[in-house]
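Below you'll find the structure, written out as structure tokens, and then a few comments.
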Amino acid sequence: MRILTAVSRRGIEIPYMHAAPSGPGHRADLLLEVNQKQIGQLCRDWNAIVDVTDVHVGTPTPEMMEAAAGFASPHPPASASAGGRSASAAMA
């Protein structure tokens with residue numbers, strides 16, 4: 707849960723996640739679209755979690771890409787069309 711909290715705190719969508727037992731612990735695979743700064747922040751946060759023993763950044767597997775293909779593209783904020791106001795006006 708703490709791994710997912712670090713992602714959701716930054717408002718990053720997770721089009722693919724898989725968690726499974728791995729030896730005495732568990733392994734979690736996430737597919738995220740992030741920039742270099744976000745990678746550094748997430749790795750720092752995840753390594754600070756006591757239960758996390760290893761963090762790797764890599765290229766997505768074909769299974770991840772296949773699962774993410776059905777993931778919808780980003781949607782505009784709900785307030786973008788509320789009452790005909792623009793998103794920036796609704797946030798002001």
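Numbering (our numbering), first residue to last: 707 to 798. Even glycine gets a Cβ: it sits at the ideal position worked out from N, Cα and C. Remember, predicted model here, so these are calculated numbers, not experimental data.
Of the candidates Arg708, Thr767, Glu772, Ile720, Ile720 places its Cα closest to the Cα of Val740.
With contacts defined as CB atoms closer than 7 Å, Ala712 and Leu748 qualify as a contacting pair.
Around Ala774, the same chain offers Pro721, Tyr722, Leu737, Pro766 as residues with beta carbons nearer than 8 Å, after the five sequence neighbours per side are excluded. The beta carbon of Arg716 sits closer than 6 Å to no other beta carbon from its chain once the five residues preceding and following it are set aside. Judged by their CB atoms, Trp752 and Ile718 are not nearer to each other than the 7 Å cut-off. If you draw a straight line from the Cα of Gln742 to the Cα of Gly731, it comes to about 28 Å.
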